[in-house]
Structures are given as C-alpha cells and as structure tokens.
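Numbers 44 to 380, taken from the numbering used here, label the letters of the sequence shown in order. Quick reminder that beta carbons are idealized off the backbone N, C-alpha and C, glycines included. Remember, predicted model here, so these are calculated numbers, not experimental data.
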Amino acid sequence: MPAAERASSSSQRPHSSAKPYDPRQDAVEKREVRKGYRGLIAEVEDAGGNLGEIKAADLTEMVKRADEFRSKVKAPNEGVLDSRFLIRVSDVGAQMARSMKLNSNAFDIDEYITRVARFIGGAARRSGGHANDDEDEDVMDLDDDDLDSWNWQRLGTIAAGLTKRAPTMDHLVGALSVQTKERASNRRTNRLERDEEEVRPETLNEGDIQKSENETTKLVQHIAKLLADVGGGNGCNLFEFAINPESFSNTVENLFYISFLVRDGKVSIDYEDDGEPIILRSEAPTEEDYAAGLKKRQVVMELDQATWKNLIKAYDIKHSVIPTRKSATTARTGKWY
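Here is the structure:
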C-alpha cells in the first residue's frame, strides 16, 4: 500500500464516531460487527496469498469498510478484531512493496560478464565497426586463445575472500582401497503360534450401516430442534446445553452430534464478553457466501472424565437438556452400533 494512502487512512481513524465502552451494547449489533471483521480478515488473508491479483486500491477499500464497523466498536473483543485486521492489512501492504520490481535496478548478466572480462584483462571486441563510442555495453567475440591469456588468478583471489568454504587436505580422506563389508541380514522367524480354531469376522450388511446412519441423522435433527426451543434467537451456553451430568458417554455423543450441525453451518459457536462459549442456530451458508470469502474453521476439543466432572460443578448442572439415551447392548443384538 502506498505511504500516502496508508497515512490518509490512519489519519481518518482517530476522528471516527466511536463511543466509549458500553457493557450493555446490543448482542445482535456485536455479532454483526464481529462477523464483518472476520470477513475482512479472511479477505486480507486471501489477498496475501495472491499478491499478483490485488492492487493498493483494494486494500484501501477494505480499510474504508473497516472504518464503518469501527464506529460500532464498544467492547475489547471487537477492538481486538479491529487491531488484528489492521495488522494483516499492514503486512500485506509490506509484502506488495517488497514484491515490486523496478526495471532500472534489474541485474544485467551481459553487462556483468563484460565488466568481469575487462577486469581480468580480456579484450572486448565490438560486433560492428559503427558502434557508438559512448556505449557502456560491449558485445564479446572471443577465441580460446584469448581466454587462456586472461588473469584468472586475479579473479580467483577476489572470489576466495568471499567464500566460507574451509580448505581441506586430500590425505585426510582415507585409504584409496576401501572394502565395504556387507551387513548380514538376520531374518527373524515368526514365533507366534496360530490358534487352531480360526474365527471368521462378523459380516456387516448394507442394511445395518444404513440403519445406523438413519439413527444418527434423526438424533442430529432432534438436537437442532432442542436448541431452537431452548436457546431461541440468543442461543445458550455450550456446556449447559451439551453436558449430561448422568452420563459421560452421552456428553461425548452430544458434542459429536453438535459437530455435524456446526459443519453444515446450521449451528454457530460464539463467545460472550466474559469468554463463555455460546451455541445458537444459524442459516446454512450458500455458495455466494463462500465466494465472498467465507471459510470454515474447525476446533478440536479435548474432554476427559475429570474435566466433565469439573464442568458439572462449575456450571451447577442438575439435569441434561438433551434427554439421556440408553447405551446399545452389543451382547443382545450382536451388531457394531
């Protein structure tokens, strides 16, 4: 980004109509500001990967769009997103400046070879007798005898002072006749004794797999309906919604089913000012949203029994929002699900 444009954009920011910290800011407005900043950050990251396809005017347009969101920034979390966006824009502008190539400073190989030839005593011959005497470049037409008469030692002395390679001695390499010993390969014998009676693995039919997929789909849809009934438009706490205080396995399954909804864009996870994660229903993104720069982001969450118990105590969870499911008895059905 040119220095003039960066200076003009930075000089306009302190005069924006941003208000002081407002802890009672509308939650919908805060989500819109966060969504806008995250979209701008994604666009800047894409621009950094395609420096040849963007211009300084594109970065200026992004900064102007960020100024519109900055007038609504009234909390630290949104301010952090604004700072992160400015850092990314500055980095991309610096990359664009470094990638600019000026023809006046381009390295000319022919001119370099000509000057080296003059330095070590080579006779430069012009290709035509009508060449201009003021020209700095000479076209070389050399024979093998001319190359032998050059002072190559002078060039080697200068080059030796610029290299960091340590001199070595030939006799330190070792004996000339070295016989390499072939390593004998010891073949290990299989000492495992096979069972006399072989058990054939259980055969899974297509109907068994289809039945399991249908049950998973029904549970995911049921959880989405519960979230809409309980959370409404404001959503609810992720842990209070997903944790089952009576069953650790049900808690893990609940998070597993919620991940399907997040993957499809039907559910989104956000954070309150105090850092608490909230889960709320959302509309699935369209192809136009992805074309505009929307990206999917995955989060890996680790949950063990100790953490599960601590979360139950911390949030004082007495009952599960998602009904408890009975574990499948594999001994009765003999199936894998």
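Helix, strand or coil for residue i per DSSP?
i, result
"Pro119", "helix"
"Asn287", "coil"
"Ser133", "helix"
"Ala174", "Here the model assigns Ala174 a pLDDT of 40, short of 50, so the residue's position is not dependable, and the following value carries that caveat. In the structure shown, Ala174 sits in coil (DSSP, three-state: anything other than H, G, I, E or B)."
"Asn293", "helix"
"Ile365", "coil"
"Thr372", "Note that Thr372 has pLDDT 43, beneath the 50 cutoff, so the model's placement of it is unreliable and the number below is only indicative. In this structure, Thr372 counts as coil in the three-state DSSP scheme."
"Ser126", "helix"
"Val310", "strand"
"Arg141", "helix"
"Asn280", "strand"
"Lys107", "helix"
"Arg81", "helix"
"Lys224", "coil"
"Gln196", "helix"
"Arg208", "coil"
"Thr329", "coil"
Could you work out which residue in the options is closest to residue i when comparing CA atoms only?
i, options, result
"Gly308", "Val263, Val87, Met139", "Val263"
"Ala327", "Asn277, Lys339, Leu269", "Lys339"
"Arg74", "Gly276, Tyr300, Asn194", "Gly276"
"Val305", "Gly91, Glu225, Gln341", "Gln341"
"Gln20", "Ala227, Ile97, Asn287", "Look at the range of the chain in this structure, 44 to 380, and you will see that residue 20 is not part of it."
"Ser126", "Gly91, Ala99, Leu83", "Leu83"
"Glu319", "Arg161, Lys261, Phe282", "Phe282"
"Ala202", "Arg226, Gln348, Glu330, Val159", "Val159"
Under 8 Å between the Cβ atoms of residue i and residue j?
i, j, result
"Val76", "Phe112", "yes"
"Ser325", "Ser311", "yes"
"Ser363", "Glu289", "yes"
"Tyr300", "Ile266", "yes"
"Lys115", "Glu88", "no"
"Arg368", "Asn280", "no"
"Leu298", "Ile365", "no"
"Glu121", "Tyr64", "no"
"Trp351", "Phe284", "no"
From the DSSP secondary-structure annotation, give me the bridge partner or partners of residue i.
i, result
"Asp317", "DSSP lists no partner for Asp317."
"Arg324", "Val310"
Checklist line | contact_flag[the region 154 to 166, the region 128 to 138] where n(CB pairs < 8 Å) is 3 or more | finding: Cβ pair count under 8 Å is below three, so no.
Next item on the list: May I ask you to verify whether the region 100 to 112 touches the region 354 to 364, counting CB pairs closer than 8 Å and requiring at least 3?
Entry: Of all C-beta pairs linking the region 100 to 112 to the region 354 to 364, fewer than three are shorter than 8 Å, placing the two stretches out of contact.
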